[in-house]
Structures are given as C-alpha cells and as structure tokens.
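In what follows, a single structure is set out as structure tokens and then discussed.
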Amino acid sequence: MWIVVLVAVPLTDPQNTRYWGQNSYGAGHSDTVNWQQRLSFYCCSQDNTIDAFPLAFLYIFFGPGGAPVINLANTCNPTDNSTFPGTNLANCASLASDIQTCQAKGKIVTLSLGGATGSVGFSSDSQAETFAQTIWDMFLGGSSSTRPFGNAVLDGVDLDIEGGGSDHYAAFVNRIRSLSSGLSKKYYVTAAPQCVYPDAALGGVLNSANFDAIYGEPLNRQFNSHNQRDNWARTISPNKNVKVYVGAPASSSAAGGGYVSPGTLHTVAVQMRKSFPSFGGVMLWDASQAYANGRYDQSIKNAMVAAGGTGFTFPACSAPAWVSGAVYTGGQQASFGGGHLWTSLQNTQADTPGG
70 MWIVVLVAVP LTDPQNTRYW GQNSYGAGHS DTVNWQQRLS FYCCSQDNTI DAFPLAFLYI
130 FFGPGGAPVI NLANTCNPTD NSTFPGTNLA NCASLASDIQ TCQAKGKIVT LSLGGATGSV
190 GFSSDSQAET FAQTIWDMFL GGSSSTRPFG NAVLDGVDLD IEGGGSDHYA AFVNRIRSLS
250 SGLSKKYYVT AAPQCVYPDA ALGGVLNSAN FDAIYGEPLN RQFNSHNQRD NWARTISPNK
310 NVKVYVGAPA SSSAAGGGYV SPGTLHTVAV QMRKSFPSFG GVMLWDASQA YANGRYDQSI
370 KNAMVAAGGT GFTFPACSAP AWVSGAVYTG GQQASFGGGH LWTSLQNTQA DTPGG
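Here you go:
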C-alpha cells in the first residue's frame, strides 16, 4: 500500500496525504506509544501538514447480511466493536466527531475500498450500481439507518483494488458520480493502481470513468512509470485534469521496499513537479509510520513548500496562428487551440489541425 493524496489543487500548493486506519506501525512494533492514534489527533496536532486522509479499509464488499465490512485496526473493527444486527459491519459512530473535526479544518476524508486482503468485486453492472448506492447511503450523502460513522458525511471514495476481478467498476464509479452530480458538496473519486499502466485490476475503469486523482508507483520505479501515467492523464483519461501522485512508504517498516530518505523523496517530487503537467503531490503510507519516523510527512511537506515555483509549464509556442484556407507547405508549422503546435506533412490547403 502506498501513499495517497486526493485533491486536484494548483501545483503551487503541494499536497500531502496519508492513509489512516491500518496502524501499520503497530503491526510490526510493540511500543504502543507510537501506535495509531485517533483520526482527530493527526488533524489537530499537525494542522498544516496533512491535506487528505483516506480511511483504510472497507475490505469486504458483501459480508454477512449482504453488508460491507470495515476494519480500522486498533480504532474500530468487527471483533472489538459492536456490529449492526445481522451483519459484520462495525459501528464506528465514535469516529463521527473526529471526521467532522478534520473536515472543519479543511481536510478531505474519504473511504478506501479494497486493500491487500480485500474480498471485493462485482458480478454485473447492476450489482456494482446497487453497491454504489449502498456506499452512498451508508457513508456519503445518502441516508440509512445503518451509518457506520454516524452523522459524519465522508468526502468520497478511493479504489485500492488488488484482486477479485476488474469488471464492472466503471458502473460503480459512474453511479457515485450520478448520485453526487449537482450537489453543493464536492465528492472525490480516486484510485490506487498497483502496477505500471495498464493496471490489471483498474486499467479498464481508469480508461472509462472520471477520477479526480490516482496514487502512483513506489519510488523504485520513478520516472518511467510516472511518464506513462502522465501520458495517460493527458491523452486517455476521461478527466483531462486528473492528478497523478507519487507514492512512498513513510518508513522502512511500512513496506517491503521502496523507502527513501526525506531528502531523496523531496528531490524526486520536485523533479516530477517540474516535468509532468499532471503531477498532483505526494502520498504516504501510513499515518502511524510517518509520525513514528521523526515526522517524515512534515519533512516532505515543508520541503515542497520551500521549493516554491509554479510547477510544470508548457513552453511557449512561437509558431504563427493557423489560418483556415491558407496554403501550408510540407513541414510548415502553425499554432492552434491555445498553444498546440501543428506541422503540415505535405502541401495542403484543406487540412485542419487536430482533425
């Protein structure tokens, strides 16, 4: 699992997002003082460092009683907390005030679906659309007697799908988009593909549904994969303003590999920011690891802000504007569409740039 950032914001405002919910540090360390704290702890004590929190994970789509199952490790889970009757869905209403506190401070809080041990997937578009309605009613802007986070309304969903088949996710995303269309509150849809494009589990939905952001590859794949993602963002994605984030584990114990020093991550992130129009920010796995590792997240945030600059800018196009009906010889160039460059391949009077 890698870092995650959710918001499509100006590149002059670097974003820092962390998954919260799995107590990654606690899984490998016995010193409980550094285990995962309540969500509000990270919002209140680190107000300017973190911009978004995906809650990890809703890891079973259809559990007992047909209800989904969420597991937030030491904070809320079906074993240690009460569940809704006839289901294995934990009642985590005690987190409502935490979520609302973070949102009041301008943080985005979403629900991440899937994870490494997830039991997920759909058998049909109809099932995917019905599940989207369930998610909307239980966690987002709908209404239900079953609200795991009480009266808190999350800001969207993240697809961290690592198995269970790749079909019908476009129907799920499109239904979420339909339900949130026209509302004053913005709802985000993001994805965390595990592989270089095209991703086995999410490749199809990424090409056919509207995403706000995707959370990219670990740093040991660096520019090659990010270049592919940037090309996808600008030429294939239905949302040409989608943002691509660089991801990294927040400490050496947060993942099997890919950890780098804050200085190295900062250098790579700034380089990517200058090189790729779709660059959106940095995402880290996870909250507990970053805090225990000398505030790794704060180091990255401060370094990105200190770097300043305006991010990527396209070079100015000096070619004269294309004129309809003009005769262009082979190799002659003209600008069109707000800065795009067109080159005539032969003597022509009828060709249209982009046509």
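Whatever position you read off the sequence shown (first residue = 1), add 69 for our numbering.
C-beta atoms are modelled at their ideal positions from N, C-alpha and C, and glycine is treated no differently.
(1) Within this structure, are the beta carbons of Gly363 and Val313 separated by less than 8 Å?
(2) Taking C-beta to C-beta, are Phe126 and Asp224 nearer than 8 Å?
(3) Contact between the stretch 174-181 and the stretch 110-123: three or more CB pairs below 8 Å?
(4) Candidates Ala356, Ala338, Gln402 and Lys343: which alpha carbon is nearest Asn371's?
(5) Are the CB atoms of Ala319 and Ala359 within a distance shorter than 8 Å?
(6) Tell me which same chain residues have a C-beta within less than 7 Å of the C-beta of Leu108, skipping the five on either side of it?
(7) Answer with buried or exposed for Gly251, where buried requires no fewer than 16 other C-beta atoms within 10 angstroms of its C-beta.
(8) If we call anything under 8 Å between Cβ atoms a contact, is Tyr238 one with Leu271?
(9) Going by beta-carbon coordinates alone, are Ile305 and Asn276 separated by less than 8 Å?
(10) Within the same chain, show all residues whose beta-carbon is closer than 6 Å to that of Ser93, passing over the 5 residues directly before and after it, in chain order.
(11) Please name the residue, chosen from Gly232, Gly190, Trp205 and Asn220, that lies closest to Tyr257 on a Cα-to-Cα basis.
(12) Excluding the 5 residues flanking Ala302 on each side, which residues of the same chain have their C-beta closer than 7 Å to its C-beta?
(13) Locate the alpha helix (DSSP H) running through Leu248, then write down its first and last residues.
(14) Leaving out five residues on either side along the sequence, give the residues of the same chain with a beta carbon under 8 Å from the beta carbon of Thr101.
(15) Among the residues of its own chain, which have a CB less than 7 Å from the CB of Ala159, if the five just before and after it don't count?
(16) Could you check where the alpha helix (DSSP H) with Tyr360 kicks off and where it finishes?
(17) Alpha carbon to alpha carbon, what distance is there between Gly233 and Asn296?
(18) Taking the alpha carbon of Tyr128 as the reference point, which residue from Val315, Ile369 and Val226 has its own alpha carbon closest?
(19) So what's Pro331 in DSSP terms, helix, strand or just coil?
(20) Along the chain, where does the beta strand (DSSP E) containing Ile283 start, and where does it finish?
(21) Let's see if you can read the secondary structure: which residues bound the beta strand (DSSP E) around Thr179?
(22) Could you check what DSSP says for Trp71 in three-state terms: helix, strand or coil?
(23) Identify the residues that DSSP records as bridge partners of Asn85: which are they?
(24) In the DSSP output, what is Gly97 paired with across the bridge?
(25) Let me check understanding here. Comparing Cα to Cα, which of Thr86, Ser368, Glu231 and Ser253 lies closest to Thr333?
(26) Give me the Cβ distance between Val274 and Val242, rounded to the nearest whole Å; I'm assuming they're in contact under 8 Å.
(27) In whole angstroms, give me the CA-to-CA distance for Arg298 and Val351.
(28) Is it buried or exposed, Gly155, if we count other Cβ atoms within 10 angstroms and call 16 or more buried?
(29) Go ahead and pull the three-state DSSP assignment for Phe109.
(30) Could you check the C-alpha separation between Lys254 and Ala173 for me, to the nearest Å?
(31) Is Ser322 helix, strand or coil when you go by DSSP?
(32) Going by DSSP, what residues sit across from Asp229 in a beta bridge?
(33) Helix, strand or coil: which one does DSSP assign to Val78?
(34) Heavy atom of the ligand ATP less than 7 Å from the Cβ of Ser247, yes or no?
(35) Compare the Cα-Cα distances from Cys112 to each of Asn103, Phe131 and Arg87 and report the closest residue.
(36) Leaving out five residues on either side along the sequence, give the residues of the same chain with a beta carbon under 6 Å from the beta carbon of Ala361.
The relevant details are as follows:
(1) no
(2) No. Outside cutoff.
(3) The stretch 174-181 makes contact with the stretch 110-123, as at least three CB pairs between them are under 8 Å.
(4) Of Ala356, Ala338, Gln402 and Lys343, the smallest CA-CA separation from Asn371 is found for Ala338.
(5) yes
(6) Trp89, Phe122, Leu164, Asp167, Ile168 and Cys171
(7) exposed
(8) In this structure, Leu271 lies closer than 8 Å to Tyr238 by Cβ.
(9) yes
(10) Ala323, Asp355, Ser357 and Gln358
(11) Trp205
(12) Contacts found: Val311, Val313 and Ser347.
(13) Start and end: Tyr238 to Ser249.
(14) Gly95
(15) Ile139, Cys145, Asn146, Pro147, Asn150, Thr152 and Pro217
(16) Ala356 to Ala361
(17) 28 Å
(18) Val226
(19) Correct three-state label for Pro331: helix.
(20) Ala282 to Tyr284
(21) From DSSP, the beta strand (DSSP E) with Thr179 extends over Ile177 to Gly183.
(22) With a pLDDT of 38 at Trp71, under the threshold of 50, the modelled position of that residue is not reliable, and no figure is offered here.
(23) Val351
(24) Bridge pairing for Gly97: absent [DSSP].
(25) Minimum Cα distance to Thr333 is reached at Ser368.
(26) 6 Å
(27) 15 Å
(28) exposed
(29) Correcting the residue identity first, residue 109 is Ser in this sequence and not Phe. Looking at Ser109 - three-state DSSP - the assignment turns out to be helix.
(30) 13 Å
(31) Of the three classes helix, strand and coil, the one that applies to Ser322 here is coil, per DSSP.
(32) Gly183
(33) Only weak support exists for where Val78 lies, its pLDDT of 37 falling under 50; the coordinates are left without a value.
(34) The ligand ATP is not part of the structure shown, which contains no ligands of any sort.
(35) Arg87
(36) Contacts found: Tyr94 and Asn103.
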